[in-house]
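Undergrad: Numbering (my numbering), first residue to last: 29 to 409.
The beta carbon of each residue, even a glycine, is placed where N, CA and C say it ideally should be.
Once you've had a glance at the structure underneath, I'll fire off some questions.
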């Protein structure tokens, strides 16, 4: 099968669209102009669509008779960081840039829409989901809460991410966990303030915080089985305002990543034990707020993705042994409701990392991604 010739023929058009989106990055759920651009292309292709969530939309393409629905999801939002590239289409907005490739993800689905507008010889329905707010703004949850799985019978859902460090022309498919969960916690330790020269009349919260930090750093090393993966990082500690004063309150924050829900449970339980234990030892009050931000992204139908990928890039270019990433993706929420697979498409060995001020999406991925989606449709419909 290889790359779809119709998509390849329009690559220059898709590059122009991608560069326009790259120049005009929008943050979080505020993807107003990006959505307008997507709608203008769908109108051009005579493909109907409906708003969903917050500044997200779903396009629906019906084929021949058939009751199977296959959906494809991409994200659209950028990051709050300044771009250091110097090409003509760099961000026009200081402090905003597409450093995670969502401009390319979005354009790849537009490319699929252009193809499906002229090729509807499949049995069933295809949905194209353009989602805002992936970068920590709960965009996927807003789509789900707005009834995505009630309004549409979604039998399968597929997505992709351009992946730095993976050679261009390769597609990675994970069997099971693809990307990690993300948990966030905050601890407030309250003691009794006073003069630094008289700690005996105070109850110092920093002593408890020090033991909490040490205890938290032992959880992964001592409680998580050696064959499992987990990361627990302390990211902030704040307390005090005087050189010679012991404060009442100290706050610390942290971040947890795992690729196994059982490990996720174990870490949360262990964090609570450490905090409670330190509070008891030092006679302070300690309040823990533990939030599960994203679940583990688990692929349930990798075999479909592998077959489709082989059709597009060939058996030798399908990678099935890459480690799952400890980064999180809110696509994981969709996998709690349906079957599907999220793949990585190589952005190049020399690509800047994701969330880097020098990152740029590789335009050559777009025909690969669109062709992969077309091959998935061929497999399932």
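Mapping the DSSP letters down to three states, classify residue 61 as helix, strand or coil.
TA: Taking the first residue of the chain shown as position 1, residue 61 is located at position 33. Helix.
Undergrad: Would you check if there are 3 or more beta carbon pairs closer than 8 angstroms linking the segment 78-95 to the segment 164-182?
TA: yes
Undergrad: Name the one or two DSSP bridge partners that residue 159 has.
TA: Residue mapping note: residue 159 aligns to position 131 of the chain shown, counting from 1. Per DSSP, 103.
Undergrad: Would you check if there are 3 or more beta carbon pairs closer than 8 angstroms linking the segment 230-237 to the segment 211-219?
TA: yes
Undergrad: Keeping to the same chain, check which residues put their C-beta closer than 6 angstroms to that of residue 22; ignore five residues upstream and five downstream.
TA: Here the chain has residues from 29 to 409 only, and residue 22 is not among them.
Undergrad: Alpha carbon to alpha carbon, how far is residue 309 from residue 222?
TA: Along the chain shown, read from residue 1 onward, the residue named residue 309 stands at position 281. Along the chain shown, read from residue 1 onward, the residue named residue 222 stands at position 194. A direct Cα-Cα distance of roughly 20 angstroms separates residue 309 from residue 222.
Undergrad: Measure how close the beta-carbons of residue 356 and residue 186 come, nearest whole angstrom, since I'm counting them as under 8 angstroms.
TA: For the purposes of this step, residue 356 is identified with residue 328 of the chain shown, where counting begins at 1. For the purposes of this step, residue 186 is identified with residue 158 of the chain shown, where counting begins at 1. With 8 angstroms as the limit, residue 356 and residue 186 do not qualify as a contact, their Cβ atoms being about 19 angstroms apart.
Undergrad: Please name the residue in 169, 193, 198 whose C-alpha comes closest to that of residue 339.
TA: Residue mapping note: residue 339 aligns to position 311 of the chain shown, counting from 1. Closest option to residue 339, Cα to Cα, is 198.
Undergrad: Is the beta carbon of residue 325 less than 9 angstroms from the beta carbon of residue 206?
TA: Position 297 of the chain shown holds residue 325. Position 178 of the chain shown holds residue 206. A contact, by the Cβ cut-off of 9 angstroms.
Undergrad: Can you tell me the Cα-Cα spacing of residue 403 and residue 190, whole angstroms?
TA: The residue labelled residue 403 in the question sits at position 375 within the chain shown. The residue labelled residue 190 in the question sits at position 162 within the chain shown. Whole-angstrom Cα-Cα distance: 18 angstroms.
Undergrad: Any C-beta of chain B sitting closer than 9 angstroms to the C-beta of residue 139?
TA: In the structure shown, chain B cannot be found, because there is only a single protein chain.
Undergrad: Can you tell me the Cα-Cα spacing of residue 53 and residue 90, whole angstroms?
TA: In the chain shown, counting from the first residue as 1, residue 53 sits at position 25. In the chain shown, counting from the first residue as 1, residue 90 sits at position 62. Using only the alpha carbons, I get a separation of about 31 angstroms.
Undergrad: Mind reading off the beta-carbon distance from residue 129 to residue 56? Whole number of angstroms is fine, and I expect it under 8 angstroms.
TA: Translated into the one-based positions of the chain shown, residue 129 becomes position 101. Translated into the one-based positions of the chain shown, residue 56 becomes position 28. Going by Cβ atoms, the distance from residue 129 to residue 56 rounds to 16 angstroms, so no, they are not a contact pair.
Undergrad: In the DSSP assignment, find the beta strand (DSSP E) that holds residue 321 and state where it starts and stops.
TA: Here residue 321 is taken as the residue at index 293 of the chain shown, counted from 1. 313-322 is the span of the beta strand (DSSP E), which, as asked, contains residue 321.
Undergrad: Could you give the C-beta distance for residue 141 and residue 73, rounded to a whole number, given that I count them as a contact under 8 angstroms?
TA: Taking the chain shown and counting its residues from 1, one reaches residue 141 at position 113. Taking the chain shown and counting its residues from 1, one reaches residue 73 at position 45. At roughly 6 angstroms, the Cβ-Cβ gap stays under 8 angstroms, so residue 141 and residue 73 are in contact.
Undergrad: Just confirm the distance between the C-beta atoms of residue 244 and residue 299, as a whole number of angstroms; I'd bet it's less than 8 angstroms.
TA: Numbered from 1 along the chain shown, position 216 holds the residue referred to as residue 244. Numbered from 1 along the chain shown, position 271 holds the residue referred to as residue 299. The C-beta distance from residue 244 to residue 299 rounds to 6 angstroms, short enough to meet the 8 angstroms contact threshold.
Undergrad: I'd like to know whether the C-beta atoms of residue 65 and residue 48 end up nearer to each other than 9 angstroms.
TA: Locating residue 65 in the chain shown gives position 37, where the first residue counts as 1. Locating residue 48 in the chain shown gives position 20, where the first residue counts as 1. Result yes, Cβ atoms of residue 65 and residue 48 sit closer than 9 angstroms.
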